[in-house]
Structure formats: C-alpha cells, structure tokens
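In the working numbering, the protein residues as written are 22 to 455. Glycine is no exception: its CB is placed at the ideal position from the N, C-alpha and C atoms. Bear in mind the structure is a predicted one, so any value in this text is a computation, not a measurement.
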Ligand SMILES: *Cc1c(COP(=O)(O)O)cnc(C)c1O
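See the structure below:
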C-alpha cells in the first residue's frame, strides 16, 4: 500500500516512510491510497471474533502487503492486550469504554500499536529514532508508556505547563530513561505548532531522525478504527440505525471511525461532540474552517483550536461539505453542560463518566434525530474518570478509588525540562542533546 499526502495525491510514500517521517514533506498528512471494504463474510461475522482477532483481520486489509502476517498478529496481540467493554445504560443507549489500557485513556490503543510498529519498521536502521510528540494530556502518558525502554528510540514530549491535570503530568514526567518531558510555557496549540515546525526544519532533520507520535502519524489512526467494529458487533439489537458520538479534539478518533465506515461498518452517522473549542461543529454549520486560539475547559484533552486531522476528514469526504454533513453531525458544549451531564449519568444510570465521555453523551442527547426508539446511540468513553478527580470530586459524593497504575505514578517524582513557547528554544535544546 502507498500513502499519499493530503496536500498532493501525487506525493506518495511507503508505509515505512509514512510512519517513520510522520508528516509528509509538503506539510500534508498521509492517507492510505485504498481503504478496502471488508469482505461480506467478515462483516457478517464480526460478533464471532475477539477484539484482537477482529483487529488483526482489519489490519491485514490495510497493512497486510507491507508487514508479514505473523508479525502483524504479534504486534496486535502484544499491543491490544486489554478489554474493550460495551456497557448498556438504557435500552437504546450504550457506552463503549476505551480506557482499559495501562494509562487509562483511549490513546493507549494507538500509542501501543505505533510503538511496536515503529520498532519493527526501524529494526535494520543504525540511526536512533527521535520521537517528538505534543500532548494535551493523555497522548503524552500513552506514548511515554508505550515507548518506555524501546530500543533505538528516544521520546520528547511537549506539554503545556499548568494546563494538564496533576495525574496526567505525573504519568508523563516520571518515566526517565528514553523519555523526556518538555514543559512548554504556552498552550497545546503552541506545542503542536512547535512539533510541526520541527518536522519541517532542515537543520533538525540533518542532525536527528525525527518523527511524530501525534495523530498526524498514520500509524495512530489505523488502530483507532478497530474498536468501532468491535463495539458495533457487541450490540444486541441492530434493527435501528446506529449513531456513534465521539468526544473530539484533534479528530483522530473520529477519523478512525470514518475509516471504519468506509471499510463497510454500517454506522448511520457520527456525532462529533466538542467542548468550547468548536471549529469543526462551526465548519459543519457554516462551511468555513476558522481555527481559533485554544480555550481551556474541564475536558482538557480536547482543548484544540486547530485540529490537525481536519485535513484527513475533508479528504475522506472528498472535500465535499454535503458529504461530510451526511456522515457527521457536530455540536459543542460548555463546561456547565458537561458538569450537568456527569451528574445526570450518575443519577439516572449510576454511571460515572469522565468529562470527555460526558461531552460524548451530550452529543447523543442533543442529536436532533434522537427521538425515542428511532436509533441506537453509543458514546465513546475515552478516559477513566479517576484521571480527573479535581472535576469529578466536586460533583459526586462518592470517593473515586485511584487505580493502581495511577497511584504508582502519583507517588513518583516529576522530571521536566522547562522551555519557552518559542520554536527556537525547543530546537536548540534538541540540538544540544542530539
Ligand atoms: C485525546 C482525547 C480526546 C480527543 O481525541 P481526538 O482523537 O484528538 O479527537 C478525547 N478524550 C480523551 C480522554 C483524550 O485523551
């Protein structure tokens, strides 16, 4: 399979080049040249497969020419070794829990898969691979965990100082070894801008083999299509149209869903639910894409003012606004609405969501076609609520026990390198340690 740049279909690369360079040299994002439809025999038989079996079947369609099947199977079995429960809350309301990986957010699917894929693709190279990743919270911890101790790979995590939760910060600053946390005086968009600039910088690329672990990397998107199939397959009743609400920030998760739909998954529509950072819902309304400065919210992993995967979503919809509206409905919600939704889920269903999942629930609740018995709604729960004790504790009087993995991180000492929000500061630092 070849991968083309969203800036020019003629600019193509191999899987290895696409994954190991992250961003195309023209600044575009890589997309697979073909998104094959799954064979009907498989689509009709999804429920018979385990999550890992299903993931392997899907991965084979996309990567099967480039990676020997036994290796692909091993990567998947090793990376995706956790549960993906679909929990029923009401007769037509479900939540797909994507937070059962080691860092308790859905980023584990992508980061663990990508770490193993990159190690495989880089296996014959003498050059150390340097991964630069910008995080609004959860990517950094998943990437740090996924790559910790990976031979021949160094990881630098850019995170916005004071804008991620204490637990998130502990999870990405306590690894040491091949993982370094760069604490940036700025917003997530500053971190993302610095990372993008670094990939296009000639001097850096002369001195380092740089790649990205952000969702600009195609390796992250592929595993994010697997769980849509698995969640759908677990539904008991599929007679009504199925709508999936995706709490979105950089829109990598939603891109994975759109890829699944292209591969034949019968989802009627996706809901892109955002917090106050609402450039995509606005685009769906007005047809104008107007990136804005990031606004800080209680669903901080979605505080993205200029979502990088928008280019891929446009591409998947052939740059056609009407086509995009058929596949995606968008809405944005305030922090007050999110707090109310957390309380509502607890009171009505005894379910404690995290702030991001609560935004997903709001998307379903406000979906105009969501009249009783007309459709089945699934929202994605993208993080464990215990990752956000500052928010959750104010709203419910139950104590949320800290899962073991988080407790361990909380007891360790933070190590970060503080840098200004200027690209040059990060560049000089990277050159000094290379
Ligand atoms: C990253 C993240 C999101 C947003 O996902 P995108 O793919 O960037 O849209 C939502 N919720 C949580 C908990 C996250 O970590």
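Secondary structure note for residue 135: its alpha helix (DSSP H) is the uninterrupted segment 128-142. When Cβ pairs closer than 8 angstroms are counted between the two stretches, the stretch 79-97 is seen not to touch the stretch 343-355, the count staying below three. Contact check for residue 204 against residue 175 fails: the beta carbons are separated by 8 angstroms or more.
Taking a contact to require three or more Cβ pairs closer than 8 angstroms, the stretch 432-442 and the stretch 304-312 do not qualify as touching.
Scanning its chain for C-beta atoms nearer than 6 angstroms, with the 5 sequence neighbours on each side dropped, one finds around residue 121 the residues 103, 104, in chain order. For residue 177, the secondary structure class from DSSP, reduced to helix, strand or coil, is strand.
For residue 297, the closest of 290, 312, 289, 284 by C-alpha to C-alpha distance is 312.
Scanning its chain for C-beta atoms nearer than 6 angstroms, with the 5 sequence neighbours on each side dropped, one finds around residue 114 the residues 398, in chain order. In its chain, beyond the 5 residues on either side, 107 have a beta carbon closer than 6 angstroms to the beta carbon of residue 255. Using a Cβ distance threshold of 8 angstroms, residue 276 and residue 380 do not count as a contacting pair.
Here the C-alpha atom of residue 87 lies approximately 7 angstroms from the C-alpha atom of residue 22.
For the 8 angstroms CB-CB criterion, residue 396 and residue 289 form a contact.
Membership of residue 431 in any beta strand (DSSP E) is not indicated; the residue belongs instead to the alpha helix (DSSP H) covering 425-431. Under the three-state reduction of DSSP output, residue 108 falls in the strand class.
Taking the Cα positions, residue 31 is about 30 angstroms away from residue 291. Using a Cβ distance threshold of 8 angstroms, residue 135 and residue 238 count as a contacting pair. With a threshold of 7 angstroms, the Cβ atom of residue 385 does not count as near ligand 1, since no heavy atom of the ligand is closer than that. Taking C-beta separations shorter than 8 angstroms and ignoring five residues to either side along the sequence, the partners of residue 83 in its chain run 22, 53, 56, 57, 243, following chain order. A straight-line Cα-Cα distance of about 41 angstroms links residue 143 and residue 384.
Annotated three-state conformation of residue 77 is helix, per DSSP. Burial check for residue 112: the Cβ neighbour count within 10 Å stays below 16, so the residue is exposed. By the criterion of at least three beta-carbon pairs nearer than 8 angstroms, the stretch 190-208 is not in contact with the stretch 217-227.
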